[in-house]
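Per the working numbering, the very first residue in the sequence shown carries number -17; after that it's consecutive. All C-beta atoms in this analysis are idealised placements derived from N, C-alpha and C, irrespective of residue type, glycine included. Model, not experiment: these values are computed from the prediction.
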Amino acid sequence: MKSKTRKLLRENNEFEKTLNDCNQKALTDIVVYLRGCNISEYHQEEVRADIMRMVADGEARNENIEVIIGEDFKLFCDEIVNVFPPQSKKEKILITVSEAFSLTGVMLVIWLMSGMIDGILNKTMVWELSLTLGDIINGLIIVITANLIVNYTCKTSLSLTQIKARYRNWFYLIDWIMFFLIFGAIYLIGRFLTFKLVSIPIIIAVLIIAGLFVISRLIDTLPIGQTE
């Protein structure tokens, strides 16, 4: 995220705190939906700022958010989003690459900490860690699942709000079932697919992790987008 976008994000977060609780809750769903729209992060924050100003003006007139922007939040957001240019292919590719490096770095941190904790518990000095087939598969499962959950949440944050409220208990049940299935699969894969692919010295692993985060950060600072 670029400095200009980060600055606007902080300003929006502070401004949102001045709104009443009901409007803040509705705006949370709107922001989640905007995160899945095909516009840059900076444009997302611009849309968010415009909507919040409208809501704040409405609060001054004792109007709730439904009166201000209508009951169909999704339609209202789409009309504003369509005014902004969509992300270019270059932007999408760079964002995907940056996120891939960042997520890989996070997964390697978890793998590194897990290996070091095992060494501490077994009271042994750990100089290198083994990367198994199970580690690779579990990493892919976690990354893919996380992306699917994020994309689904963003796309349905406005369209399924009433349905989720009506069938809340069923959604909770489905969420828990999915959680246990995924967790169970990860445990079994890690337990039985222990074929060692490579052994990596800890110092090399740390350097790789640092390099991944640095590259991700450098990609984020590239001059792409129309206004950023």
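Proximity to V125 [Cα-Cα], best of S141, E81 and N46 | For this step, residue 125 is matched to residue 143 along the sequence shown. With distances taken between Cα atoms, V125 lies closest to E81.
DSSP three-state assignment for L179, whether helix, strand or coil = By 1-based counting over the sequence shown, the position of residue 179 is 197. Strand at L179.
Looking only at C-alpha atoms, which of T106, L90 and K105 sits nearest to L113?
-> Translated into positions along the sequence shown, residue 113 becomes position 131. Checked all of T106, L90 and K105; the closest Cα to L113 is L90.
Report the option in E28, E53, A42 and L179 whose CA atom is closest to the CA atom of N64.
-> For the purposes of this step, residue 64 is taken as residue 82 along the sequence shown, with counting starting at 1. Answer by Cα proximity: E28.
Answer yes or no: does any C-beta atom of chain B fall closer than 7 Å to that of P67?
-> No chain B appears in the structure shown, which is made up of a single protein chain.
Over what stretch of residues does the beta strand (DSSP E) that includes T0 continue unbroken?
-> The count along the sequence shown starts at 1 and reaches residue 0 at position 18. It is not in any beta strand (DSSP E) - T0 carries neither H nor E in the DSSP assignment.
Given 8 Å as the limit, is there contact between the region 179 to 193 and the region 69 to 78, that is, 3 or more CB pairs closer than that?
-> no
Euclidean distance between Cα positions of Q208 and K74 | Translated into positions along the sequence shown, residue 208 becomes position 226. Translated into positions along the sequence shown, residue 74 becomes position 92. The predicted position of Q208 is uncertain, since its pLDDT is 46 and thus under 50; no value can be drawn from it.
Can you tell me whether DSSP reads E53 as helix, strand or coil?
-> As a position in the sequence shown, residue 53 is number 71, starting the count at 1. Correct three-state label for E53: coil.
Fully enclosed by the region 6 to 52, which alpha helix (DSSP H) runs are 4 residues long or longer?
-> Qualifying alpha helix (DSSP H) stretches, in chain order: 23 to 42 and 47 to 51.
Drop a sphere of 10 angstroms on the beta-carbon of N5, count the other beta-carbons inside from all chains shown, and report buried for 16 or more, exposed for fewer.
-> For the purposes of this step, residue 5 is taken as the residue at position 23 of the sequence shown. The residue in question, N5, is buried, as its Cβ has 16 or more Cβ neighbours within 10 Å.
Do you know whose CA, among N(-6), K56 and M36, lies nearest L140's CA?
-> On the sequence shown, position 158 is the one that residue 140 refers to. Considering only alpha carbons, the answer is K56.
Would the beta-carbon of F58 fall within 7 Å of that of M34?
-> The sequence position of residue 58 within the sequence shown is 76, counting from 1. The sequence position of residue 34 within the sequence shown is 52, counting from 1. Not a contact, by the Cβ cut-off of 7 Å.
Could you name the residues that DSSP lists as bridge partners for T114?
-> Taking the first residue of the sequence shown as 1, we reach residue 114 at position 132. Answer is K178.
Quick one: residues in its chain with C-beta nearer than 6 Å to the C-beta of L194, no 5 flanking neighbours on either side, listed in chain order?
-> Translated into positions along the sequence shown, residue 194 becomes position 212. Excluding residues within five positions, the ones whose Cβ falls inside 6 Å are F83, T86 and G87.
Measuring alpha carbon to alpha carbon, tell me which of I168, Y154 and L9 ends up nearest I119.
-> Translated into the one-based positions of the sequence shown, residue 119 becomes position 137. Answer by Cα proximity: I168.
Could you check the C-alpha separation between K(-1) and V49 for me, to the nearest Å?
-> Residue mapping note: residue -1 aligns to position 17 of the sequence shown, counting from 1. Residue mapping note: residue 49 aligns to position 67 of the sequence shown, counting from 1. Their backbone Cα atoms lie some 20 Å apart in a straight line.
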